[in-house]
Amino acid sequence: QKEVEQNSGPLSVPEGAIASLNCTYSDRGSQSFFWYRQYSGKSPELIMFIYSNGDKEDGRFTAQLNKASQYVSLLIRDSQPSDSATYLCAVSTSGTYKYIFGTGTRLKVLA
Amino acid sequence: DTGVSQNPRHKITKRGQNVTFRCDPISEHNRLYWYRQTLGQGPEFLTYFQNEAQLEKSRLLSDRFSAERPKGSFSTLEIQRTEQGDSAMYLCASSVNGELDEKLFFGSGTQLSVL
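Chains A and B, in that order, are what the protein sequence lines are. My numbering puts the first residue of the first sequence at 2, with every later residue one more than the last. My numbering puts the first residue of the second sequence at 0, with every later residue one more than the last.
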């Protein structure tokens, strides 16, 4: 089992819709969870982080964490074509500051 | 704050040659990370430093790879006797001591092509 798993996609949504991206992780001791966006040919940039169970909202983005189910998700409301990118889930490993990334989900927002 | 700087941006080398990459982190950041990324995959952890101490190295990393961070400032990643399978984007990231919300800031990466 991979430490951090994501569906590679592509996930296609129409402009204005809600995009839902999911991530599961295997280390129950993980404490911090991050979503990075990576445009083609560019390096990852942080868009959200969460460490408490529940929801965290920032503009059009909402991160959701369920530690019991070892599941973290990212919702993008009112999706725009500029949101088209690969979204990487990253998890901090327990006891260290090492961050493990999933393979990423490619999102396509159709105009 | 000029961001994380990596040099060179691109490196083409022949199999068997040694290559060295450099990373300059954001000045006040004391943690520095190296990741490797291939097409369609997420960044793969290689190693990280806190100040000048290398705290962890991936067990997937062969002994052809070595990283240093003298004086806790810039870092170098050397690959000896390169193989075609080493072709990838090598990403450097830095962060400042934080608690649960420590964030990684990535450089633009060095694209390595081994012929």
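Just so you know, even glycine gets a beta-carbon here, dropped at the ideal spot from N, CA and C.
By Cβ distance, which residues of its chain are closer than 7 Å to residue i, with the 5 residues on each side in sequence left out?
i	result
residue 103 (chain B)	32, 92 and 94
residue 82 (chain B)	14 and 113
residue 33 (chain A)	50, 52 and 93
residue 86 (chain A)	38, 39, 40 and 108
residue 44 (chain B)	34 and 57
residue 61 (chain A)	77, 78 and 79
List the DSSP bridge partners of residue i.
i	result
residue 64 (chain A)	A:57 and A:75
residue 43 (chain B)	B:35
residue 37 (chain A)	A:47 and A:89
residue 30 (chain B)	B:49 and B:94
residue 110 (chain A)	A:14
residue 100 (chain A)	A:93
residue 19 (chain B)	B:77
residue 26 (chain A)	A:5
Beta-carbon within less than 6 Å of residue i's beta-carbon, same chain only, minus the 5 sequence neighbours each way: which residues are those?
i	result
residue 10 (chain A)	106 and 107
residue 24 (chain A)	7, 73, 90 and 103
residue 37 (chain B)	87
residue 64 (chain B)	78
residue 112 (chain A)	16 and 82
residue 100 (chain A)	91 and 93
residue 80 (chain B)	15 and 63
Residue i versus chain A: which residues are under 7 Å apart at the beta carbon?
i	result
residue 53 (chain B)	Per Cβ cutoff of 7 Å: no residues; residue 53 (chain B) is ~12 Å from chain A at best.
residue 30 (chain B)	98
Helix, strand or coil: which one does DSSP assign to residue i?
i	result
residue 80 (chain A)	coil
residue 43 (chain A)	coil
residue 85 (chain B)	helix
residue 70 (chain B)	helix
residue 57 (chain B)	coil
residue 11 (chain B)	strand
residue 7 (chain A)	coil
residue 109 (chain B)	strand
residue 4 (chain B)	strand
residue 69 (chain A)	coil
residue 31 (chain A)	coil
Against residue i, what residues of chain B qualify as contacts under a CB-to-CB distance less than 8 Å, listed in chain order?
i	result
residue 101 (chain A)	44
Interface residues of chain B around residue i at Cβ under 7 Å?
i	result
residue 105 (chain A)	41
residue 44 (chain A)	90, 105, 106, 107 and 108
residue 89 (chain A)	41
May I have the straight-line CA-CA distance separating residue i from residue j, to the nearest angstrom?
i	j	result
residue 64 (chain A)	residue 4 (chain A)	19 Å
residue 18 (chain B)	residue 72 (chain B)	20 Å
residue 39 (chain A)	residue 16 (chain B)	31 Å
residue 16 (chain A)	residue 76 (chain A)	14 Å
residue 80 (chain A)	residue 18 (chain A)	5 Å
residue 13 (chain A)	residue 46 (chain A)	21 Å
residue 55 (chain B)	residue 48 (chain B)	7 Å
residue 113 (chain B)	residue 2 (chain B)	28 Å
residue 76 (chain B)	residue 21 (chain B)	7 Å
residue 51 (chain A)	residue 41 (chain B)	19 Å
residue 27 (chain B)	residue 105 (chain B)	15 Å
residue 88 (chain A)	residue 56 (chain A)	18 Å
residue 54 (chain A)	residue 53 (chain B)	32 Å
residue 42 (chain A)	residue 96 (chain A)	32 Å
residue 51 (chain B)	residue 57 (chain B)	17 Å
residue 110 (chain B)	residue 29 (chain B)	25 Å
Compute every distance between the C-beta of residue i and the non-hydrogen atoms of the ligand SAM, then say whether any falls below 8 Å.
i	result
residue 75 (chain B)	Within the structure as shown, the ligand SAM is missing, as the structure has no ligands at all.
How would you list, in chain order, the residues of chain A whose beta-carbon sits under 8 Å from the beta-carbon of residue i?
i	result
residue 102 (chain B)	35, 47 and 50
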